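Position one of the sequence shown corresponds to residue 7 (my numbering), numbered consecutively onward. All C-beta atoms, glycine included, are put in the ideal place defined by N, C-alpha and C. Since we're looking at a predicted model, the values are computed, not measured. A quick write-up on the structure given underneath.
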Amino acid sequence: MRGENGLEVRKIAVLGAGLMGHGIAQVAAQVGKYEVSLRDVKQEFIDRGMDMIRNSLQKFLSKGVISEAEMNEVLARIHPTIDLKEAVSDADLIIEAVPENIELKKSVFSEVDSLAPPHAIIASNTSSISITELASATNRPEKVCGMHFFNPPQLMKLVEIIKGAKTSDETIQTVRQVAEKMGKETVLVKKDCPGFIVNRILIPALNEAVALVWEGIADKEDIDKAIKLGLNWPMGPLTLLDYIGLDTTLAIAEVLESEIDPKFHPCPLLRQMVRAKLLGRKTGKGFYDWTKK
Ligand code: CAA
7 MRGENGLEVR KIAVLGAGLM GHGIAQVAAQ VGKYEVSLRD VKQEFIDRGM
57 DMIRNSLQKF LSKGVISEAE MNEVLARIHP TIDLKEAVSD ADLIIEAVPE
107 NIELKKSVFS EVDSLAPPHA IIASNTSSIS ITELASATNR PEKVCGMHFF
157 NPPQLMKLVE IIKGAKTSDE TIQTVRQVAE KMGKETVLVK KDCPGFIVNR
207 ILIPALNEAV ALVWEGIADK EDIDKAIKLG LNWPMGPLTL LDYIGLDTTL
257 AIAEVLESEI DPKFHPCPLL RQMVRAKLLG RKTGKGFYDW TKK
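Here it is as structure tokens:
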């Protein structure tokens, strides 16, 4: 069915119930009032994602942003499942938020393409992977685009919308309308280029913060303090790295390096910490110890 300027979206499927996926599903159900399927590959991942949604809703409840009845309505609109077919077979928009691995994402796109209705749009929340390449894994490249949320999706206002080489204007218009219904501001990335707008600027800045530690130029606390107070960032770059995940940041830096310019080469300390599984909050330790917080 078509709306005024694009496809009318009633049901959204979010693939991946992790750090980003759970938050996207929540915003879609809470602010956008969409029916949402939330799919992950294991029941324990789904359970963890639903727990994070309940925790976040509790925060909004305790601040009076939503009532208990609204909280229950939001939860009733989210349908968790481990069955991909069940999740996408009647979806109008599928938002993929699986780990940042190109082969994995391409296989998800190809499978979704074979299971989703022909009119459905498939969007990726990728931070850096080529939308055109993901689209090439489907038979509907005009219905594939990037829809990049920021962490935590419940609080961050921006969604970057990325046009792949074959994305249609109708797809862009539809995704823009959905993002706005979710209460987000959008920006259009007109050319499919790794890192889009925000990560093209952010990742080199985070990498330089890691280099300052590696070179022993300042202590991590002072680096964070300098950027918080000197640039008015809400959190310092090393704290932000722990929130985003050092593995995710490394993956993005590697794509920028290989696809745009060697100047984006990741600092050796970043790679070393990823090898040591010091990934940030998700593993309990990164630049800081989160196990006691
Ligand atoms: N759901 C609901 N409420 C939440 C929440 C969630 N998931 N997370 C935090 N909150 C609430 C807290 O309960 C808190 O409420 P009170 O003020 O009533 O206590 C409030 O939000 C503020 O949280 P905190 O006190 O914990 O911390 P804060 O004041 O620092 O704000 C923040 C949190 C909005 C995340 C802020 O620190 C911030 O803007 N940080 C930068 C985030 C950022 O840069 N994100 C982008 C990362 S890059 C990315 O995502 C893209 C990529 O591809 C890598």
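Could you tell me whether any non-hydrogen atom of the ligand CAA is closer than 7 angstroms to the CB of ASN238?
-> For this step, residue 238 is matched to residue 232 along the sequence shown. At a cut-off of 7 angstroms, the beta-carbon of ASN238 does not count as near the ligand CAA: no heavy atom of the ligand is closer than that.
Chain C beta carbons: is any one of them nearer than 8 angstroms to that of GLY29?
-> Any reference to chain C falls outside this structure, which holds one protein chain only.
GLY27 to SER116, Cα distance in whole Å?
-> On the sequence shown, position 21 is the one that residue 27 refers to. On the sequence shown, position 110 is the one that residue 116 refers to. Their backbone Cα atoms lie some 19 angstroms apart in a straight line.
With hydrogens ignored, establish whether the beta-carbon of GLN278 is closer than 7 angstroms to any heavy atom of the ligand CAA.
-> Indexing the sequence shown from 1 puts residue 278 at position 272. No - the ligand CAA has no heavy atom lying nearer than 7 angstroms to the Cβ of GLN278.
Proximity winner among GLY29, ALA185 and ILE233, relative to LEU164 (alpha-carbon distances) = For the purposes of this step, residue 164 is identified with residue 158 of the sequence shown, where counting begins at 1. The shortest C-alpha separation from LEU164 is found at ALA185.
Out of ARG45, LYS298, GLY251 and PHE51, state which residue places its alpha-carbon closest to the alpha-carbon of GLU92.
-> Here residue 92 corresponds to residue number 86 of the sequence shown, with the count starting at 1. Taking only the C-alpha atoms, the option nearest GLU92 is ARG45.
Look at the alpha carbon of VAL71 and the alpha carbon of ASN78, and state the distance between them as a whole number of angstroms.
-> Your numbering for residue 71 matches position 65 in the sequence shown. Your numbering for residue 78 matches position 72 in the sequence shown. Rounded to the nearest angstrom, the two C-alpha atoms are 14 angstroms apart.
Determine the extent of the beta strand (DSSP E) in which ILE188 is found, giving its start and end residues.
-> The sequence position of residue 188 within the sequence shown is 182, counting from 1. The residue you asked about is not Ile; residue 188 is Met in the sequence shown. No beta strand (DSSP E) holds MET188; DSSP gives it neither H nor E.
Which residues have a Cβ closer than 5 angstroms to any heavy atom of the ligand CAA, listed in chain order?
-> SER62, LYS65, SER133, PHE156, ASN157, PRO158, GLN160, LEU161, PRO240, MET241 and ILE250
CA-to-CA distance, LYS39 to ALA75, given in whole angstroms = Looking up residue 75 in the sequence shown gives position 69. Looking up residue 39 in the sequence shown gives position 33. Distance between the alpha carbons of ALA75 and LYS39 is about 14 angstroms.
Spatial distance of PHE51 from TYR294 (CA atoms) | Residue 51 sits at position 45 when you count from the first residue of the sequence shown. Residue 294 sits at position 288 when you count from the first residue of the sequence shown. Approximately 25 angstroms between the Cα atoms of the pair.
Rounded to a whole number of angstroms, what is the C-alpha to C-alpha distance between ASP98 and LYS17?
-> Along the sequence shown, one-based indexing puts residue 98 at 92. Along the sequence shown, one-based indexing puts residue 17 at 11. Distance from the CA of ASP98 to the CA of LYS17, rounded to the nearest whole angstrom, comes to 6 angstroms.
How many Å lie between SER174 and CYS151 at the Cα?
-> Stepping through the sequence shown from its first residue, residue 174 is reached at position 168. Stepping through the sequence shown from its first residue, residue 151 is reached at position 145. Straight-line spacing of the CA atoms in SER174 and CYS151 works out to 9 angstroms.
Residues that SER113 bridges to, as DSSP identifies them | Locating residue 113 in the sequence shown gives position 107, counting from the first residue. For SER113, which the question treats as bridged, DSSP gives no partner whatsoever.
Quick one: measure Cβ to Cβ for THR289 and LYS283, integer angstroms, because I've assumed they're closer than 8 angstroms.
-> Here residue 289 corresponds to residue number 283 of the sequence shown, with the count starting at 1. Here residue 283 corresponds to residue number 277 of the sequence shown, with the count starting at 1. That belief holds up - the Cβ atoms of THR289 and LYS283 are roughly 5 angstroms apart, short of 8 angstroms.
By DSSP, does PRO86 sit in helix, in strand, or in coil?
-> Position 80 of the sequence shown, counting from 1, holds the residue named residue 86. Of the three classes helix, strand and coil, the one that applies to PRO86 here is strand, per DSSP.
Classify ALA171 as buried or exposed, calling it buried when 16 or more other Cβ atoms lie within 10 Å of its own Cβ.
-> Residue 171 sits at position 165 when you count from the first residue of the sequence shown. So ALA171 ends up on the exposed side.
Report the rounded CA-to-CA distance for ARG2 versus GLU265, giving the unit in angstroms.
-> In the structure as shown, the chain starts at 7 and stops at 299, and residue 2 therefore has no counterpart that could be examined.
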